[in-house]
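Structure, as structure tokens:
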Amino acid sequence: MPNRSRRSLLRQAPVLGLGLFLPRWPAAWPQNEDEVLPFTDVPENFSTRRGSEPEANPGQNTYRLDWRRLHSWITPVEEFFAVAHYGVPRVDAPAWRLRCEGAIERPRAFTLEELRRRPRVEHTLVFECSGNRDRSLHGMVGNARWTGASLRDLLRELGPAREAREAIFWAADSGKEEIRGSEYLQNFARAMSLEEAMDSNAILAYEMNGQPLPVVHGFPVRVIVPGWYGIANVKWVERIELSPRRLMNRFMGRDYVTLMGRKSGERQEWVETSITRMQVKSVAVRVTRRREGSGDRLKVFGVAWSGSDALRSVEVSIDDGPWQAARLEPREPPFAWTFWTLEAPGVAAGAHTVASRATDRAGHAQPANLDLKKT
């Protein structure tokens with residue numbers, strides 16, 4: 187078989203014992219008579235892990251999702267991507283406290299058990315790494331069930347002071363940063379406006395998929411912000427500070443910012459903003475083939491999500507042809523990902539390209555540089 191790029195769909199691999207469990211998508215998954223056509227730009231040594239232990243890879247993704255093995259609408263804990271910017275800290279749960287301070291009328295600290303005794307809030311939601319670009323299979327994403335205490339309710343009880351403008355989430359992990367020629371030991375932190383914190387349905391999560399948070403995913407408590415990129419979901423959080431001033435650290439003012447161009451009269455301006463909500467996105471994750479007479483029937487399976495609103499549509503193009511509407515499966519939780527499928531009959535043998543694009547109900551469309559899913 188000739189060497190093909192990922193634009194080829196015709197590498198044959200029979201479906202053997204998939205044993206898949208996919209809520210809301212049982213009938214559409216590959217049948218025994220279908221052939222799975224693997225994406226060929228995935229390296230032969232592709233691995234979902236980097237290094238034997240997360241601590242060995244500070245600043246890198248230590249786990250990532252392998253779409254080829256997708257077998258559940260809920261991403262299992264062991265397959266959910268993880269990033270450790272400064273390495274993974276070891277937190278003593280009995281001694282751990284969540285300190286809430288700064289511009290707060292009634293500052294206090296909470297134990298883990300005190301948070302667990304508060305009303306439970308559960309979100310099934312998807313989030314991805316904001317750097318989930320140009321990687322094999324876009325694997326820095328996952329859809330999990332998170333349980334914890336409402337951030338909004340907790341802040342209301344504590345009483346933000348009148349001068350409070352921003353909520354800063356300080357984590358237990360730390361590392362050395364060079365600032366103006368000097369080196370400092372700095373804890374990881376991210377922030378959002380107080381208004382966003384009060385309106386975001388964010389939780390202080392202590393469970394993931396019904397179990398206590400694993401260490402690599404933020405034990406004992408992690409901030410979970412529905413609709414936002416993974417960087418906002420601060421792991422190992424140990425302090426919430428309400429501040430009258432903006433936080434401008436590495437992860438707010440240097441890294442994890444977007445650069446957007448705009449016209450001001452005849453002048454081009456470039457504006458940097460901190461990354462917050464996820465853009466709408468779709469990913470083709472599996473393609474199957476069934477032989478039918480002189481041609482093949484292809485079935486494209488994919489996943490789509492948006493950080494702002496429910497999805498309105500996913501469209502698929504084969505070989506740069508006309509866009510065809512994919513079938514969306516019901517999306518019950520508002521922040522979860524959505525499965526989609528498209529059937530394309532009469533496809534001839536040879537090299538092909540599959541592209542997908544998603545649009546949500548607010549009219550946000552998938553950015554042009556993400557439209558093409560090479561296969």
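Take the position in the sequence shown, starting the count at 1, then add 186; the result is the number in my numbering. C-beta atoms are modelled at their ideal positions from N, C-alpha and C, and glycine is treated no differently. What you are looking at is a predicted structure, and each value in this text was computed from that prediction instead of being measured.
Residue i burial status per 10 Å Cβ neighbour count (16 or more: buried)
i: residue 397; result: exposed
i: residue 426; result: buried
i: residue 549; result: exposed
i: residue 368; result: exposed
i: residue 486; result: buried
i: residue 457; result: exposed
i: residue 194; result: At residue 194, the pLDDT of 31 sits below 50, so the modelled position is not reliable; the number obtained from the coordinates is stated separately. Label assigned to residue 194: buried.
i: residue 330; result: buried
i: residue 278; result: exposed
i: residue 299; result: exposed
i: residue 446; result: exposed
i: residue 389; result: buried
i: residue 493; result: buried
i: residue 370; result: exposed
i: residue 553; result: exposed
Residue i, DSSP secondary structure in three states
i: residue 256; result: coil
i: residue 300; result: helix
i: residue 417; result: helix
i: residue 516; result: coil
i: residue 602; result: As shown, the chain starts at 187 and ends at 561. That puts residue 602 outside it, with no answer to give.
i: residue 439; result: helix
i: residue 357; result: strand
i: residue 311; result: strand
i: residue 564; result: Any answer about residue 564 is impossible in this case: the structure gives the chain only from 187 up to 561.
i: residue 471; result: strand
i: residue 338; result: helix
i: residue 452; result: coil
i: residue 484; result: strand
i: residue 145; result: Nothing about residue 145 can be read from this structure; the chain reaches only from 187 to 561.
i: residue 277; result: coil
i: residue 344; result: helix
i: residue 369; result: strand
i: residue 264; result: helix
i: residue 402; result: helix
i: residue 489; result: strand
i: residue 290; result: strand
i: residue 446; result: strand
i: residue 374; result: strand
i: residue 494; result: coil
i: residue 509; result: coil
i: residue 465; result: coil
i: residue 329; result: strand
Whole-angstrom C-beta distance between residue j and residue i, which should lie under 8 Å
i: residue 251; j: residue 264; result: About 10 Å separates the two Cβ atoms, so there is no contact after all.
i: residue 420; j: residue 376; result: 5 Å
i: residue 344; j: residue 286; result: 5 Å
i: residue 514; j: residue 528; result: At roughly 10 Å, the Cβ-Cβ gap does not stay under 8 Å, so residue 514 and residue 528 are not in contact.
i: residue 310; j: residue 516; result: No, residue 310 and residue 516 are not in contact; Cβ-Cβ is about 13 Å, not under 8 Å.
i: residue 295; j: residue 428; result: The pair is not a contact, with the Cβ atoms about 15 Å apart (cut-off 8 Å).
i: residue 469; j: residue 525; result: The pair is not a contact, with the Cβ atoms about 11 Å apart (cut-off 8 Å).
i: residue 509; j: residue 501; result: 4 Å
i: residue 512; j: residue 484; result: 13 Å between Cβ atoms; not a contact.
i: residue 433; j: residue 354; result: 5 Å
i: residue 466; j: residue 418; result: With a Cβ gap of about 17 Å, residue 466 and residue 418 do not count as contacting.
Neighbourhood of residue i by C-beta, 8 Å cutoff - its chain only, sequence neighbours within 5 removed
i: residue 436; result: 363 and 372
i: residue 386; result: 337, 338, 378, 411, 412, 413 and 414
i: residue 292; result: 343, 344 and 345
i: residue 416; result: 267, 269, 313, 314, 315, 316 and 326
i: residue 399; result: 391, 392, 393, 405, 406, 407 and 408
Own chain, CB closer than 6 Å to residue i, minus 5 neighbours either side, in chain order
i: residue 207; result: Caution applies to residue 207, whose pLDDT of 32 falls short of 50 and renders its modelled position unreliable; the value that the coordinates give is listed next. Closer than 6 Å at Cβ, skipping near neighbours: 258.
i: residue 304; result: 335
i: residue 240; result: Here the model assigns residue 240 a pLDDT of 46, short of 50, so the residue's position is not dependable, and the following value carries that caveat. Counting only Cβ-Cβ distances below 6 Å, and skipping sequence neighbours, we find 248, 270, 274 and 402.
i: residue 443; result: 458 and 460
i: residue 547; result: 495, 496 and 498
i: residue 523; result: 312, 329, 489 and 491
i: residue 450; result: none
i: residue 366; result: none
Start-to-end residues for the beta strand (DSSP E) that takes in residue i
i: residue 428; result: 423–429
i: residue 392; result: 389–394
i: residue 552; result: Per DSSP, residue 552 belongs to no beta strand (DSSP E) and is neither H nor E.
i: residue 497; result: 497–504
i: residue 528; result: 524–533
i: residue 410; result: 408–410
i: residue 546; result: 540–546
i: residue 269; result: 268–270
Residue range of the alpha helix (DSSP H) that includes residue i
i: residue 381; result: 380–385
Residue i at chain C interface by Cβ criterion, 9 Å
i: residue 488; result: This model lacks chain C altogether; it includes just one protein chain.
Beta-carbon proximity list for residue i, same chain, < 7 Å, skipping 5 on both sides
i: residue 430; result: 289, 349, 350 and 351
i: residue 297; result: 283
i: residue 341; result: 383 and 384
Check: residue i C-beta below 8 Å from any heavy atom of the ligand HEM
i: residue 331; result: What this structure holds is no ligand at all, so the ligand HEM is not there to describe.
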